[in-house]
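First to last, the sequence lines map onto chains A and B. With positions in the first sequence counted from 1, the corresponding number in the working numbering is that position plus 10. With positions in the second sequence counted from 1, the corresponding number in the working numbering is that position plus 10. Glycine included, every Cβ here is placed at the ideal spot set by N, Cα and C. Taking it in order: structure first as structure tokens, then the write-up.
Protein chains: 2
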Amino acid sequence: MRRTRFDDWPCPIARTTDLIGDWWTPLVMREAFLGRKRFDEFIDALGIPRAVLTDRLDRLVTEGLLRKVTYEERPPRFEYKLTEKGLAFYDVLAAMWRWGADWQWGDEAPPIKLVDRDTGKEVVPAVVDENTGQRIDVRRLRVRPR
Amino acid sequence: MRRTRFDDWPCPIARTTDLIGDWWTPLVMREAFLGRKRFDEFIDALGIPRAVLTDRLDRLVTEGLLRKVTYEERPPRFEYKLTEKGLAFYDVLAAMWRWGADWQWGDEAPPIKLVDRDTGKEVVPAVVDENTGQRIDVRRLRVRPR
DNA sequence: CTGAGTAAGTTCAACAAACGAACTCACTCG
DNA sequence: CGAGTGAGTTCGTTTGTTGAACTTACTCAG
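Okay, structure coming up:
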């Protein structure tokens, strides 16, 4: 009995869930955004079992979020670099960041924040409707066939 | 050897991952947003194994995203309703929707879209910096202690 | 030329979680 | 009294996770 797959469901949430719906993949992506590139860098940063990391990196490469690049021929050594698709995934992590910061801490704020390297100002992710620039009112949302 | 937990890591992404980092929880939440409330409605909509649904609903209730409400005393019958925390979670699903729609379909668009019930116009989720209203430039982001 | 070191994995045994079918429980309704 | 219903629980099987040990393909210091 294999784990149920959602990668052919006709819903964008289902297909995204199929990819990141496990404990490690979002954190592997987080580390990639923090500049981690090599196998043992991910191991040291996350404490993820080696076999699981192998599996997740392979999946992210075949799905096109990471690219495996040889940076040394002999002995063979590799780096995992974010692709355009992988970079675009930051939006999902940012939304998770925002919700987690708002709701998964008690009264205090989390001990870390996001800042803009150039302006030094805090960056606070928010999800809006691209057409109006306003936050989305869930109660008014409907799903329709295209 | 229990599944590794992230619910006490000092990072909002890790804590959010601990909650939704499995293949069913985001879809259970999706169905809740589509108006599903009863146990067998979730079963019918998702095809999720009953024992797994029991586990996920319990988790979402203890985490405060759903509230279990008795709607009939005898025989005892229940509904699962979104709390404020659960409603706020829509942002994460919206970001997943956007990324999935942009990157997990080939050239076509997904067969469904989000619309505003009142205006009828399509709603296109986007993640921005709340302070600037602009999309976030990943390359300029840094993580800092608060 | 040997032995230590390193990056990037693979292998393995123990355990946990997911799967799907069948079963239970507390009722109501015809 | 028997069928039906909503909300689960139980169970045997299969799949996935964990962590430790091992492997491979080299380089470099002595």
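Compare the C-beta of residue i against all C-beta atoms of chain A and say whether one is closer than 8 angstroms.
{"i": "A111(B)", "result": "yes"}
{"i": "E41(B)", "result": "no"}
{"i": "G116(B)", "result": "no"}
{"i": "V138(B)", "result": "yes"}
{"i": "R84(B)", "result": "no"}
{"i": "L124(B)", "result": "yes"}
{"i": "Y100(B)", "result": "yes"}
{"i": "T93(B)", "result": "no"}
{"i": "G31(B)", "result": "yes"}
{"i": "V38(B)", "result": "no"}
Using 8 angstroms for Cβ pairs, my map puts residue i next to residue j. What's the rounded Cβ distance?
{"i": "A55(B)", "j": "E41(B)", "result": "5 angstroms"}
{"i": "L76(A)", "j": "T93(A)", "result": "7 angstroms"}
{"i": "A105(B)", "j": "V137(A)", "result": "6 angstroms"}
{"i": "G31(A)", "j": "W19(B)", "result": "At roughly 19 angstroms, the Cβ-Cβ gap does not stay under 8 angstroms, so G31(A) and W19(B) are not in contact."}
{"i": "L103(B)", "j": "P36(B)", "result": "7 angstroms"}
{"i": "R152(B)", "j": "P121(A)", "result": "That belief does not hold up - the Cβ atoms of R152(B) and P121(A) are roughly 15 angstroms apart, past 8 angstroms."}
{"i": "D128(B)", "j": "R150(A)", "result": "6 angstroms"}
Residue i to residue j, Cα distance in whole Å?
{"i": "V134(B)", "j": "E89(B)", "result": "30 angstroms"}
{"i": "A24(A)", "j": "W115(A)", "result": "27 angstroms"}
{"i": "E132(B)", "j": "G143(A)", "result": "13 angstroms"}
{"i": "Y100(A)", "j": "G45(A)", "result": "13 angstroms"}
{"i": "E51(A)", "j": "D65(A)", "result": "16 angstroms"}
{"i": "W107(A)", "j": "E83(A)", "result": "38 angstroms"}
{"i": "K95(A)", "j": "P22(B)", "result": "22 angstroms"}
{"i": "I58(A)", "j": "R154(B)", "result": "24 angstroms"}
{"i": "P27(A)", "j": "A98(A)", "result": "Checking the displayed sequence, the identity of residue 27(A) turns out to be Thr instead of Pro. Roughly 16 angstroms separates the two Cα atoms."}
{"i": "F49(A)", "j": "R15(B)", "result": "21 angstroms"}
{"i": "R145(B)", "j": "E140(A)", "result": "10 angstroms"}
{"i": "G110(B)", "j": "F43(A)", "result": "19 angstroms"}
{"i": "R7(B)", "j": "P85(A)", "result": "Because chain B here runs from 11 to 156, residue 7(B) falls outside it and cannot be looked at."}
{"i": "W113(A)", "j": "V62(B)", "result": "24 angstroms"}
{"i": "L70(B)", "j": "L29(B)", "result": "8 angstroms"}
{"i": "K78(A)", "j": "K47(A)", "result": "9 angstroms"}
{"i": "M39(B)", "j": "E118(A)", "result": "26 angstroms"}
{"i": "K91(B)", "j": "K91(A)", "result": "41 angstroms"}
{"i": "G130(B)", "j": "T80(B)", "result": "35 angstroms"}
Are any of the Cβ atoms in chain B nearer than 8 angstroms to that of residue i?
{"i": "L103(A)", "result": "yes"}
{"i": "Y90(A)", "result": "no"}
{"i": "L67(A)", "result": "no"}
{"i": "R77(A)", "result": "no"}
{"i": "A55(A)", "result": "no"}
{"i": "D128(A)", "result": "yes"}
Taking the beta strand (DSSP E) that residue i belongs to, which residues open and close that run?
{"i": "P155(B)", "result": "L151 to P155"}
{"i": "V138(B)", "result": "P135 to D139"}
{"i": "V125(A)", "result": "I122 to D126"}
Which first and last residues belong to the alpha helix (DSSP H) in which residue i is found?
{"i": "D28(A)", "result": "P22 to I30"}
{"i": "R40(A)", "result": "T35 to F43"}
Can you tell me whether residue i sits near the ligand FMN, meaning its C-beta is under 7 angstroms from at least one heavy atom of the ligand?
{"i": "V62(A)", "result": "Annotation note on the ligand FMN: not contained in the displayed structure, which lists no ligands."}
Practice item. Any chance you could list the beta strand (DSSP E) runs of at least 3 consecutive residues sitting entirely within the stretch 56-99 of chain B, in chain order? Key: Listed in chain order, they are 76-82 and 87-92.
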